[in-house]
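Chemist:
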Amino acid sequence: MQSNVIYLYDDRKDVTLTTYILQDSPELLNGKDRPAVIICPGGGYFNCSDREAEPIALKFASMGYHAFVLRYSTYCEGTGAFPDLSKPLTAKAHCQNPVPVREIGQAMLIVREHAREWMVDVDRIAICGFSAGAHNAAMYAANWHTDMISGHFGKEKELFRPAAAILGYMLSDYIYMKEAVKGASPMDQAFFAASNTAFLGEAESSDEVLAAVSPARNVTEHMPPVFLWATAEDELVPVQHSIRMAHALADKKIPFELHIFEKGPHGLALSDQSSAESLSQVYPDAAKWADLAGEWLKQRFALPLPD
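Count along the sequence shown from 1, add 15, and you get the number used in the working numbering.
1. Among the residues of its own chain, which have a CB less than 7 Å from the CB of R127, if the five just before and after it don't count?
2. Drop a sphere of 10 angstroms on the beta-carbon of K74, count the other beta-carbons inside from all chains shown, and report buried for 16 or more, exposed for fewer.
3. Using the Cα positions of A265 and A227, report the straight-line distance between them to the nearest angstrom.
4. Could you tell me whether the Cβ of G95 comes closer than 9 Å to any Cβ of chain D?
5. Can you tell me whether H274 is helix, strand or coil according to DSSP?
6. Could you check whether E67 and S290 sit closer than 9 Å to each other, using their CB atoms as the reference points?
7. Excluding sequence positions up to five away, which residues of its chain have a Cβ less than 8 Å from the Cβ of S293?
8. Look at the Cβ atom of G57, then the Cβ atom of A213, and state whether they are nearer than 9 Å.
9. Report the three-state DSSP secondary structure of C110 (helix, strand or coil).
10. Out of curiosity, what's the CA-to-CA distance linking P98 and M185?
11. For S286, which residues in the same chain have their Cβ closer than 6 Å to its Cβ, ignoring the five residues on either side in sequence?
12. Taking the C-alpha atoms as reference points, what is the distance between I53 and A82?
13. Just to check my reading of the structure: S257 and S229 have Cβ atoms closer than 8 Å, yes? What is that Cβ distance to the nearest angstrom?
14. Please list the segments of the alpha helix (DSSP H) lying wholly inside the stretch 81-141, counting only runs of 4 or more residues, in order along the chain.
15. The alpha helix (DSSP H) that contains V224, what's its start and end?
16. So is S295 buried or exposed if we call it buried at 16+ other beta carbons inside 10 Å?
17. Looking only at its chain, what residues have a beta carbon closer than 6 Å to the beta carbon of A179, apart from the 5 residues adjacent to it on each side?
And the structure:
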């Protein structure tokens with residue numbers, strides 16, 4: 016496997032694309048291109064979780080796909096720190112919308128630029144995300160063809176088209192979240208106020224602003240097929256977000272698959288020991304999501320094996 020870290024900015028070390036490129040062999044694909052998955056870890060737009068980075072990449076690599084982990088711009092600038100939620104955050108321009116979603120566009124261009132060298136099938140590049148990373152990936156899936164992405168880079172729209180999206184315990188509707196948070200614990204309320212400041216520059220935004228950054232409210236015919244999964248016990252990002260996204264996809268007749276597991280908290284990643292820091296993050300039933308996603312992805316990304 017070829018693993019390298021690519022910096023998206025010359026003057027910053029926090030925004031990176033880490034490659035997990037499978038080596039070719041006459042005993043494997045023997046010169047044929049492989050599909051790929053670009054992974055966006057979660058972290059509330061404060062940071063990018065390690066638990067939702069390399070373990071996820073290695074899982075997709077085990078399925079035969081090249082994998083890339085994008086550590087997009089976050090409030091704490093890749094330090095792994097967490098802001099003090101006991102006081103209001105000061106807004107930082109470098110991580111505010113639409114910077115994080117445009118960085119997925121940068122990652123897509125980098126993968127395409129090196130496609131021949133890395134043997135990537137450019138027509139089969141999926142995006143995958145978790146929590147805030149799932150929101151970022153869904154924002155990209157909904158907007159890749161618009162001025163927000165392709166228009167910003169001034170390049171042909173098709174260069175940015177994702178072939179599929181895999182979204183774990185996503186936040187899909189900020190307007191719904193604004194109402195849901197009113198009944199949440201003080202800690203959760205502080206978390207979302209801070210997360211909003213990190214992502215939007217303010218703790219409270221107008222419904223117009225919130226609607227524009229709600230993927231479930233912006234699904235069009237340009238959306239790729241989507242795999243959704245979540246847990247019913249998630250208290251931080253309620254399962255209704257995944258259900259609302261599924262409803263929006265159904266309305267637009269976008270192919271999708273939805274799996275809701277009964278048990279498990281927010282942020283399970285692979286939900287097994289490979290991505291856990293304690294047994295509280297190991298739920299064998301929820302861990303089935305990865306193999307289910309693999310089977311779903313195989314319908315679109317099956318490797319070009321001879322008979």
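Every residue gets a Cβ at the ideal spot worked out from N, C-alpha and C, and that includes glycine.
Modeler: Quick answer:
1. Here residue 127 refers to the residue found at position 112 of the sequence shown. Excluding residues within five positions, the ones whose Cβ falls inside 7 Å are V137, L174.
2. As a first step, residue 74 must be located in the sequence shown, where it is residue number 59. Around the beta carbon of K74, 16 or more other beta carbons lie within 10 angstroms, which makes this residue buried.
3. Sequence index remark: in the sequence shown, residue 265 carries index 250 (1-based). Sequence index remark: in the sequence shown, residue 227 carries index 212 (1-based). Cα to Cα, A265 sits roughly 20 Å from A227.
4. Of the protein chains in this structure there is only one, and it is not chain D.
5. The count along the sequence shown starts at 1 and reaches residue 274 at position 259. In the three-state reduction of the DSSP assignment, H274 falls in the strand class.
6. Locating residue 290 in the sequence shown gives position 275, counting from the first residue. Locating residue 67 in the sequence shown gives position 52, counting from the first residue. Cβ distance < 9 Å, so S290 and E67 count as in contact.
7. Within the sequence shown, residue 293 is the residue found at index 278, counting from 1. The beta carbon of S293 sits closer than 8 Å to no other beta carbon from its chain once the five residues preceding and following it are set aside.
8. Residue 57 sits at position 42 when you count from the first residue of the sequence shown. Residue 213 sits at position 198 when you count from the first residue of the sequence shown. Contact: no.
9. Indexing the sequence shown from 1 puts residue 110 at position 95. Of the three classes helix, strand and coil, the one that applies to C110 here is helix, per DSSP.
10. Stepping through the sequence shown from its first residue, residue 98 is reached at position 83. Stepping through the sequence shown from its first residue, residue 185 is reached at position 170. C-alpha separation (whole angstroms): 21 Å.
11. If you number the sequence shown from 1, residue 286 lands on position 271. Contacts found: Y298, A301, A302.
12. Start at 1 with the first residue of the sequence shown, and residue 53 comes out as number 38. Start at 1 with the first residue of the sequence shown, and residue 82 comes out as number 67. Between the alpha carbons of I53 and A82 lies a gap of roughly 6 Å.
13. Here the question's residue 257 lines up with position 242 in the sequence shown. Here the question's residue 229 lines up with position 214 in the sequence shown. Distance from S257 to S229 at the Cβ level is roughly 13 Å; contact not present, criterion being Cβ atoms closer than 8 Å.
14. Those alpha helix (DSSP H) runs which fall completely within the stretch 81-141 and span 4+ residues are 114-128, 130-133.
15. Sequence index remark: in the sequence shown, residue 224 carries index 209 (1-based). Taken as a continuous stretch (DSSP letters only), the alpha helix (DSSP H) holding V224 covers 222-227.
16. Within the sequence shown, numbered from 1, the residue matching residue 295 stands at position 280. The residue is exposed, with fewer than 16 neighbouring Cβ atoms inside 10 Å.
17. For the purposes of this step, residue 179 is taken as residue 164 along the sequence shown, with counting starting at 1. Excluding sequence neighbours, A179 sits near A141, P239, P240, R315.
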